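The opening position of the sequence shown corresponds to residue 668 in the working numbering, with each subsequent residue numbered one higher.
Before any comments, here is the structure.
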Amino acid sequence: MSLTDQAILRIKEMIISGELGPGDRLPPEQELSERLGLSRNSLREAVKALSMFRVVDVRRGDGTYVTSLRPSLLTDALGFVVDLHQDSSVLELMEVRRVLEAAAVRRAAARISDAQLQELWASIPDAEGLDPEDLVSADLTFHRLLAVASGNDYLVGMLDGLSASTVRARVWRSLTEEGAVERTIREHEAILRALEAHDSELAEASLVAHIGGVEAWLRHTLATEERASQAALLDGDGDEQPLPEGPG
668 MSLTDQAILR IKEMIISGEL GPGDRLPPEQ ELSERLGLSR NSLREAVKAL SMFRVVDVRR
728 GDGTYVTSLR PSLLTDALGF VVDLHQDSSV LELMEVRRVL EAAAVRRAAA RISDAQLQEL
788 WASIPDAEGL DPEDLVSADL TFHRLLAVAS GNDYLVGMLD GLSASTVRAR VWRSLTEEGA
848 VERTIREHEA ILRALEAHDS ELAEASLVAH IGGVEAWLRH TLATEERASQ AALLDGDGDE
908 QPLPEGPG
């Protein structure tokens, strides 16, 4: 384990033990490095890392403070990692999102308020003249409101981070798949009707079918692109004819 990793663990232990709480200022660099038995350079690198993950806030000329440690702050790190994903991992990220959001909507069915239901209904746009970008924006709003209705801030934060990874896939679907706008709106309405009835099983099934449809479309699209790429390579070599396009 590197000295920087050791410094990170020691600061984490101070927070977990309660020695440092949300909003507390860390001891001065020299004092803290001596207390931890680590170099100031290692401590600085540890603070940089913890700052990136929103555990501490470095205020120039003032000092370093523990953040509020709210779930929404800590789960920002997930969004950072997700942003680094390769296209090949989009499906895996969507699978994780489906599992988490299914749990969120099941919780929401038992506790959602009339005001939250009204807000969800209001987030569903009119399909007439709706362009793909507006559909994606409305879709993101709808799913975030679903997560909020679960009453679990960590679920909200994690789903926020994962949702960004699927925006491109949703845009592609809106642009290329006929009837995607109307179908998305119908699926949102089905989820809401189940929530209104406080039927957790139906709400979860409707949500899984909705996200599963995007997954199935994306899986087919990626497979088609892969086949086309392989066919182009083979055709370019002059060894074989392009592969026939399968059903996906």
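Just so it is clear, CB atoms sit at the ideal spot from N, CA and C, and this is done for glycine as well.
All values derive from a computational prediction rather than experimental measurement.
Residue environment, residue i, which counts as buried when at least 16 other CB atoms sit within 10 Å
i, result
"Val-815", "buried"
"Thr-843", "exposed"
"Gly-688", "exposed"
"Asp-902", "exposed"
"Ser-756", "exposed"
"Val-766", "exposed"
"Leu-699", "buried"
"Arg-774", "buried"
"Glu-868", "exposed"
"Ala-776", "buried"
"Met-668", "exposed"
Where the alpha helix (DSSP H) containing residue i begins and where it ends
i, result
"Val-823", "820-830"
"Ala-794", "Where Ala-794 is concerned, there is no enclosing alpha helix (DSSP H), given that its DSSP letter is neither H nor E."
"Leu-676", "670-684"
"Glu-712", "707-719"
"Glu-768", "757-778"
"Arg-702", "696-703"
Run of the beta strand (DSSP E) containing residue i, from where it starts to where it stops
i, result
"Val-848", "Looking at the DSSP string, Val-848 is not in any beta strand (DSSP E); the run it does join, the alpha helix (DSSP H), is 847-863."
"Thr-731", "730-733"
"Arg-726", "723-726"
Assumed close pair residue i, residue j - CB separation to whole angstroms, cut-off 8 Å
i, j, result
"Ala-770", "Leu-705", "So it is not a contact: roughly 40 Å between Cβ atoms."
Own chain residues within Cβ distance below 7 Å of residue i, not counting five before or after
i, result
"Arg-837", "Val-803, Asp-806, Val-881"
"Ile-675", "Ala-713, Ala-716, Leu-717"
"Trp-884", "Arg-840, Glu-844"
"Ile-682", "Val-733"
Close Cβ partners of residue i (< 8 Å) along its chain, the five nearest in sequence each way excluded
i, result
"Gln-697", "Arg-707"
"Ser-830", "Arg-764, Leu-807, His-810, Arg-811"
"Ile-852", "Ile-791, Pro-792, Ala-794"
"Ile-858", "Val-772, Leu-813, Ala-870, Ser-873, Leu-874, His-877"
"Leu-826", "Arg-764, Leu-767, Glu-768, Ala-771, His-810, Arg-811, Ala-814"
Spatial neighbours of residue i in its chain, beta-carbon cut-off 6 Å, leaving aside the 5 residues before and after
i, result
"Asp-724", "Tyr-732, Thr-734"
"Val-772", "Leu-813, Ala-870, Glu-871, Leu-874"
"Leu-797", "Val-848"
"Ser-709", "Leu-670, Thr-671, Ala-674"
"Glu-686", "none"
"Ser-780", "none"
Proximity test, residue i beta-carbon vs the ligand ATP heavy atom, cut-off 7 Å
i, result
"Leu-874", "Of ligands this structure carries none, so the ligand ATP is not represented either."
Inter-stretch contact (C-beta, 8 Å, three-pair minimum) for the segment 779-795 and the segment 803-818: Yes: at least three Cβ pairs fall under 8 Å.
Sufficient close CB pairs (3 or more, under 8 Å) joining the segment 854-865 to the segment 772-792: yes
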